[in-house]
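Each residue of the sequence shown is one higher than the one before, counting from 1 in the UniProt record's numbering.
Below is one structure, written out as structure tokens; the observations come after it.
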Amino acid sequence: MDADQCIDIRTSNSSSSSSCGSSTTSDNDSDIESAVDDDGTSKHSAALDSLAWAPILVAVVAIPTDVVTVLWGCHHPHIDCSAAYPTLGVAARHRPQLYTYLVGTVVVSVLFLTTAALFAWFLHLSLPPTHRRMVISVLLGGALTAILLVVVAIHDTQGHPAGVSLLSTTSFLTTWATLLLMQHARRTAFVLHRTKDVSERHRRLRGIAIGEYAIVLSAMASVAYVVTALVTSSSSKLLGPAVYEGFVVASWSTLVASFATEIGRLTRLVEQHDLNELSRQK
């Protein structure tokens with residue numbers, strides 16, 4: 001009897017240990033699956049969708065258009081670049097660089113309008129209904145800026161130089177106002193629409209910081225451009241108005257490109273919004 005009891009006790013102990021081992025293995029498997037799912041989710045949230053290319057392409061097109069137009073203008077017999085580089089308005093008066101400026105500016109205007117529309121859609125899904133005026137203002141500002149850019153590009157610079165100056169000034173001020181409004185709107189959306197994804201919050205904060213730095217640099221370059229072009233009439237090659245104008249274009253382009261952090265998650269935001277609407281209907 002003692003031997004049989006010992007055998008039964010050993011059998012029960014081995015079965016309990018095997019069951020514990022199987023439960024431990026299943027727990028480990030579930031942990032591994034959970035880790036894999038979390039890793040896949042984090043990778044999915046960290047990736048930007050293809051809509052993020054719209055603001056990035058603004059910088060890709062705008063900066064080379066500025067540089068090529070100015071440098072190509074140096075080859076024109078009426079432009080002397082030995083003392084100072086010409087501004088965009090001066091270089092774009094002559095062919096063939098006029099066509100480069102025309103095509104580049106029209107493409108930039110279309111891309112900027114697309115960026116403003118996508119960002120307004122992002123704000124529409126992120127902000128409460130009390131901020132609808134901000135959404136409409138961003139959309140109207142982007143449309144007005146794009147229209148003015150096209151008008152400046154196709155205007156007869158040689159026949160009506162005074163009109164070009166007026167249009168350029170209006171376009172300059174409108175672009176400034178629109179970009180400042182968009183930067184303010186993205187800060188408001190970040191405060192009111194908190195996300196649980198830490199990597200996404202860091203990415204959006206980085207985009208806001210880049211935008212702030214770009215605004216400061218473009219403001220300094222704008223002041224320097226006005227001072228050198230209108231006040232001192234500087235003819236320095238490295239400190240002339242053309243250089244500061246290039247800094248303004250580069251800073252604005254960087255600011256617009258930084259909106260990829262918001263526009264790049266627009267697709268997921270739309271999907272989440274649709275799921276919420278379906279759950280409400282049920």
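Idealized CB from N, CA, C, for every residue including glycine.
From the options, pick the residue whose C-alpha is nearest to that of residue i; which is it?
{"i": "glutamate 245", "options": "Arg133, Leu127, Arg132, Phe172", "result": "Phe172"}
{"i": "threonine 69", "options": "Thr130, His184, Leu98, Thr188", "result": "Leu98"}
{"i": "leucine 144", "options": "Leu127, Val152, Thr174", "result": "Thr174"}
{"i": "alanine 153", "options": "Pro241, Tyr101, Arg268", "result": "Tyr101"}
{"i": "arginine 265", "options": "Phe112, Ala92, Arg201", "result": "Arg201"}
{"i": "alanine 62", "options": "Val249, Ile147, Tyr213, Thr261", "result": "Val249"}
{"i": "alanine 84", "options": "Ala242, Thr261, Glu271", "result": "Ala242"}
{"i": "threonine 228", "options": "Arg268, Gly240, Val103", "result": "Gly240"}
{"i": "threonine 188", "options": "Arg268, His131, Val60", "result": "His131"}
{"i": "threonine 170", "options": "Ala146, Met182, Gln183", "result": "Ala146"}
{"i": "valine 60", "options": "Leu275, Leu269, Ser251", "result": "Ser251"}
{"i": "threonine 178", "options": "Leu275, Pro64, Lys196, Gly141", "result": "Gly141"}
{"i": "phenylalanine 122", "options": "Met182, Leu71, Cys81", "result": "Met182"}
Skipping 5 residues on each side, what residues in its chain have a beta carbon closer than 8 angstroms to that of residue i?
{"i": "valine 150", "result": "Thr105, Val106, Ser109"}
{"i": "valine 67", "result": "Gly246"}
{"i": "leucine 139", "result": "Ala116, Ala117, Ala120"}
{"i": "isoleucine 79", "result": "Gly73, Pro86, Val90, Ala91, His94"}
{"i": "leucine 180", "result": "Ile215"}
{"i": "serine 26", "result": "Note on serine 26: pLDDT 43, under 50, position unreliable in the model; no value is reported."}
{"i": "leucine 275", "result": "none"}
{"i": "proline 64", "result": "Gly104"}
If you drop the 5 nearest sequence neighbours on each side, which residues of the same chain put their C-beta closer than 6 angstroms to that of residue i?
{"i": "serine 258", "result": "Gly207, Ile210, Gly211"}
{"i": "serine 190", "result": "In the sequence as displayed, the identity of residue 190 is phenylalanine instead of serine. Taken in chain order, the residues that qualify are Arg204."}
{"i": "threonine 261", "result": "Arg203, Arg204, Gly207"}
{"i": "tyrosine 225", "result": "Pro241, Tyr244, Glu245"}
{"i": "histidine 76", "result": "His94"}
{"i": "residue 295", "result": "Because the chain is modelled from 1 through 282, residue 295 falls outside the range shown and cannot be assessed."}
{"i": "leucine 269", "result": "Leu125"}
{"i": "leucine 267", "result": "Reading off the sequence shown, one finds threonine at residue 267, where the question assumed leucine. So the qualifying residues of the chain are Asp49."}
{"i": "lysine 196", "result": "none"}
{"i": "proline 96", "result": "none"}
Excluding sequence positions up to five away, which residues of its chain have a Cβ less than 7 angstroms from the Cβ of residue i?
{"i": "histidine 124", "result": "Val135"}
{"i": "alanine 54", "result": "Leu111, Thr114, Thr115, Leu118, Ile263"}
{"i": "proline 128", "result": "Leu192"}
{"i": "arginine 58", "result": "Going by the sequence as given, residue 58 is valine instead of arginine. Same-chain partners within the cutoff: Val108, Leu111, Phe112, Thr115, Ser253, Val256, Ala257."}
{"i": "alanine 52", "result": "Ala260, Ile263, Gly264"}
{"i": "isoleucine 56", "result": "Ala257, Ala260"}
{"i": "serine 137", "result": "Leu181"}
{"i": "cysteine 81", "result": "Cys74"}
{"i": "leucine 71", "result": "none"}
{"i": "tryptophan 176", "result": "none"}
{"i": "tyrosine 213", "result": "none"}
How would you label residue i, buried or exposed, when you count the other beta carbons within 10 angstroms and need 16 or more for buried?
{"i": "leucine 48", "result": "buried"}
{"i": "valine 103", "result": "exposed"}
{"i": "leucine 230", "result": "exposed"}
{"i": "glutamine 272", "result": "exposed"}
{"i": "leucine 166", "result": "exposed"}
{"i": "serine 279", "result": "exposed"}
{"i": "serine 218", "result": "buried"}
{"i": "arginine 194", "result": "exposed"}
{"i": "arginine 186", "result": "buried"}
{"i": "leucine 148", "result": "buried"}
From the beta carbon of residue i, is the nearest beta carbon of chain D less than 7 angstroms away?
{"i": "leucine 266", "result": "No chain D appears in the structure shown, which is made up of a single protein chain."}
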